[in-house]
Amino acid sequence: MPDTDGPRCMSALPIGTAGPGPCGEIDAPPRDPSPTLQGPRPMDDSRDFSDLSPWEPHIRSFVAFCPPDARAAPSSGPLRGLTVGVKDIIDVAGLPTRNGSAACEGAAPAEADAPVVAALRQAGARIVGKTTTTEFAFTDPTACRNPHDLTRTPGGSSSGSGAAVAAGLVDLALGTQTAGSLCRPAAYCGVVGVKPTYGVLPVEGMTPLARSFDTVGIIARDVAVARSAFSVLAPNAAETADPLRSARLLLPTQTRATQETHAAWQDAADAMGAAREVVPEIDVAAIVAAHRCVMQAEAAETHAALLHPDRIGLLQPKFRAGLEAGATLSPGEVAEARNTLDAARMAFWRQMQEVDVILTLPVPDGAPLIDGTTGFQDWLTPWTVVGGPLVSLPWGLDSLGRPRAVMLAGHPGDDLRLLSVAASLESKAPPIPRPQPPGA
Numbered sequence: 001m002p003d004t005d006g007p008r009c010m011s012a013l014p015i016g017t018a019g020p021g022p023c024g025e026i027d028a029p030p031r032d033p034s035p036t037l038q039g040p041r042p043m044d045d046s047r048d049f050s051d052l053s054p055w056e057p058h059i060r061s062f063v064a065f066c067p068p069d070a071r072a073a074p075s076s077g078p079l080r081g082l083t084v085g086v087k088d089i090i091d092v093a094g095l096p097t098r099n100g101s102a103a104c105e106g107a108a109p110a111e112a113d114a115p116v117v118a119a120l121r122q123a124g125a126r127i128v129g130k131t132t133t134t135e136f137a138f139t140d141p142t143a144c145r146n147p148h149d150l151t152r153t154p155g156g157s158s159s160g161s162g163a164a165v166a167a168g169l170v171d172l173a174l175g176t177q178t179a180g181s182l183c184r185p186a187a188y189c190g191v192v193g194v195k196p197t198y199g200v201l202p203v204e205g206m207t208p209l210a211r212s213f214d215t216v217g218i219i220a221r222d223v224a225v226a227r228s229a230f231s232v233l234a235p236n237a238a239e240t241a242d243p244l245r246s247a248r249l250l251l252p253t254q255t256r257a258t259q260e261t262h263a264a265w266q267d268a269a270d271a272m273g274a275a276r277e278v279v280p281e282i283d284v285a286a287i288v289a290a291h292r293c294v295m296q297a298e299a300a301e302t303h304a305a306l307l308h309p310d311r312i313g314l315l316q317p318k319f320r321a322g323l324e325a326g327a328t329l330s331p332g333e334v335a336e337a338r339n340t341l342d343a344a345r346m347a348f349w350r351q352m353q354e355v356d357v358i359l360t361l362p363v364p365d366g367a368p369l370i371d372g373t374t375g376f377q378d379w380l381t382p383w384t385v386v387g388g389p390l391v392s393l394p395w396g397l398d399s400l401g402r403p404r405a406v407m408l409a410g411h412p413g414d415d416l417r418l419l420s421v422a423a424s425l426e427s428k429a430p431p432i433p434r435p436q437p438p439g440a
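The sequence shown begins at 1 in the UniProt record's numbering and counts up by one.
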C-alpha cells in the first residue's frame, strides 16, 4: 500500500534485514588508482578510505559516510573487498535516508539495512556511505558534478552513484530507475549501468517514487563487478545456456543522436556482428507522456503529505510541480495512460519474439552542461516501461572528452544472458581513461 502518511523520512515504516551498523557521518570514501574505468582489478582489503580531498569537494557525490568500524564485512564472500555507495533513497543502518530533500533534514537514522544493502554486506562488500540523489529521485538537479568535466551534469537521479564510481571512489553503487535514473548517469559518467528486470530485486527499504516502475539497479566500474553484485542480489536468477538467436539493432525514432554518438552505436554493432533489421517506428512521445501521467499520479499518492501547506515550501520546483500535477489527474486519465503503456509493451514484445537482444542508445549525446536539468531521458523511458533488463555500456570518449555509451536490452528474466553479452561487447569497447581530480 502506498504510504499516505508522509515521506519515509517522516514516518516509521518496516524495512529490511538489519545490517551490522550503525554508521555515522564522517569523511571516508576510497580512491582507485587504476588508469582506466574498465578491466578487472584485484579486490583490495587494505584501502583505508581516509582521503576524500582530491575528488569529493569537487564532485559532491556523497552525502554521508559510514565510519570504518561500521564498514566491517565478512572476511570471505563473492564481493570480498569491493566498496559500495548507496543512493540516498535506500536505507543503510545507522544513516538517515534524506531522499535529497530539505523535507527530510530531520530524518532519524535507519534502524536496518534495506535487503539489497544487507545482501551486499553479507557477501563481503563494504558499504562506504550514501550517494547524492535528486529530490525523491525526481528531476531537480543536485550539486553533484561529472568527474569527466565539472561543468557538466552526471545525470540523475542516481547522480552520486554514477559520479562516485566514475571517480574511483567506490567499485559499485546502488541506484534506482523509474524513467532513466540509472542508465543515464552511467552513460554520462562512462561506467556500466544495470537496470534489472522489473521486480527481480526487492525494493523494501527504498523510498518509492512510482511503484509501477521503481527498480533497484547497479552502477559499476565494469561488467564483471556488476554481474558479481547482481548474482548476489538475485541468487535465483535463471542462467540460460541457449545461444543467442539474433541481435537486432534499433535506433530510437526521435533521431537526435550526434554524429559521434551514432558512430559509437555503429561501431558496437560491428563488434557484435548484429543484423541491422528495419523495425516499425515506436511512438516514443506517446509512451513518455503516458509514463509521466502514471508516475506523477503514483508519486502524488505516495507523497500526499508533502503537499500540506506546512511542507510544500520545502520542495524543489520540479518535484513540487510533479506532485501537484499528479494530484489533479482523474482516475480516467490515469487508466487511459496505463492502457497506452500496456499496448506499448505488447507491441514491443511482438517485435521481440524472434530476437534476444537489442542494441540501442541510452542518450543521444554526451553529458550536457549544467543548465537546470539532469539531461535527456526520453529514449530510456520506453525501455523502463517494457520492464526487461538493460545494460548501459561505455564506448569511449567523444571529441569533447565526454563518455559515449551504447545500451543492450533483453527479455524480462534474461538478466544474466544480457550481462554475458555485455561482457563480450565490453571486451571490444574503446577504453575510457580514469578522470583525474583538479590539480592532480
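Don't be surprised by glycine CBs; every beta carbon is placed ideally from N, CA and C. Everything numeric in this text was worked out from a predicted model, so none of it was measured.
| Query | Result |
| --- | --- |
| With distances taken from CA atoms, which of LEU306, ALA423, LEU419 is nearest residue 501? | This structure does not reach residue 501, given that the chain is present from 1 up to 440, and the question cannot be answered. |
| What is the residue span of the beta strand (DSSP E) that LEU307 lies within? | It is not in any beta strand (DSSP E) - LEU307 carries neither H nor E in the DSSP assignment. |
| Cβ of GLY326 within 9 Å of Cβ of ALA299? | yes |
| Using a Cβ-Cβ cut-off of 6 Å (strictly less than) and excluding sequence neighbours within five positions of GLY366, which residues of its own chain qualify? | ASP398, ARG402 |
| If you compare alpha carbons, which of ALA263, SER246, PRO394 is closest to VAL355? | SER246 |
| ARG292 lies in the beta strand (DSSP E); which residues open and close that run? | Counting along the chain, ARG292 falls outside any beta strand (DSSP E), though it belongs to the alpha helix (DSSP H) covering 284 to 302. |
| With DSSP run on the structure shown, which of helix, strand or coil describes ASN146? | strand |
| DSSP three-state call for residue 523: helix, strand or coil? | This structure gives no information on residue 523, because the portion of the chain shown stretches from 1 to 440. |
| Which of helix, strand or coil does DSSP assign to VAL200? | coil |
| Throw me the rounded Cβ distance for the ALA422 and LEU400 pair, which I believe falls under 8 Å. | At roughly 25 Å, the Cβ-Cβ gap does not stay under 8 Å, so ALA422 and LEU400 are not in contact. |
| Drop a sphere of 10 angstroms on the beta-carbon of PRO57, count the other beta-carbons inside from all chains shown, and report buried for 16 or more, exposed for fewer. | exposed |
| Starting from ARG345, follow the alpha helix (DSSP H) in both directions and report where the run begins and ends. | 331 to 351 |
| What first and last residue would you give for the alpha helix (DSSP H) that runs through GLY100? | From DSSP, GLY100 is part of no alpha helix (DSSP H); its letter is neither H nor E. |
| Using 10 angstroms around the beta-carbon of ARG434, count the other beta-carbons present and answer buried if the total reaches 16, otherwise exposed. | buried |
| How close, in whole Å, do the beta carbons of THR133 and LYS87 come, if the pair is a contact with beta carbons under 8 Å? | 5 Å |
| Is the beta carbon of PRO382 closer than 9 Å to that of VAL284? | yes |
| Considering GLN259, what are the terminal residues of the alpha helix (DSSP H) in which it resides? | 259 to 272 |
| Kindly give me the distance between the Cβ atoms of PRO364 and TRP379, rounded to whole angstroms, as I take these residues to be in contact under 8 Å. | 7 Å |
| On a Cα-Cα basis, can you pick out the residue from VAL216, ALA164, VAL391 that is closest to ALA137? | VAL216 |
| For SER392, decide whether its Cβ has a neighbour in chain C, counting only Cβ atoms nearer than 9 Å. | Absent from the structure is chain C; it holds one protein chain and no more. |
| Is there contact between the stretch 183 to 191 and the stretch 144 to 151, where contact requires at least three CB pairs shorter than 8 Å? | yes |
| Can you tell me whether PRO14 is buried or exposed, with buried defined as 16 or more other CB within 10 angstroms of its CB? | Reliability of the predicted coordinates at PRO14 is poor, the pLDDT of 29 falling under 50, and no value is obtained from them. |
| Can you look up TRP383 in the DSSP assignment and give me helix, strand or coil? | helix |
| Does the Cβ of ASP415 have 16 or more other Cβ atoms within 10 Å, making it buried, or fewer, making it exposed? | buried |
| So, using beta-carbon positions, are ARG417 and GLY387 closer together than 9 Å? | no |
| Could you work out which residue in VAL84, PHE348, LEU169, ASN99 is closest to ILE59 when comparing CA atoms only? | LEU169 |
| Can you tell me whether ARG404 is buried or exposed, with buried defined as 16 or more other CB within 10 angstroms of its CB? | buried |
| How about LEU172 and ALA271: are their beta carbons less than 9 Å apart? | no |
| Could you check whether THR197 and GLY413 sit closer than 9 Å to each other, using their CB atoms as the reference points? | yes |
| Quick check: what's the CA-CA separation for CYS66 versus ARG121? | 13 Å |
| Given a cut-off of 9 Å, decide if SER75 and THR164 are closer than it, judged by their beta-carbon atoms. | For the sequence presented, residue 164 should be read as Ala rather than Thr. No, they are not a contact pair. |
| Assign ASP113 to one of two classes, buried (16 or more other C-beta atoms within 10 Å of its C-beta) or exposed (fewer than that). | buried |
| CB ALA226 to CB ALA429, shorter than 9 Å? | no |
| How is LYS318 classed by DSSP in three states: helix, strand or coil? | helix |
| Who are ALA247's beta bridge partners in DSSP? | VAL357 |
| Whose CA, out of GLY322, MET295, VAL357, lies closest to the CA of residue 448? | Outside the modelled stretch of the chain, which goes from 1 to 440, sits residue 448, for which no answer is possible. |
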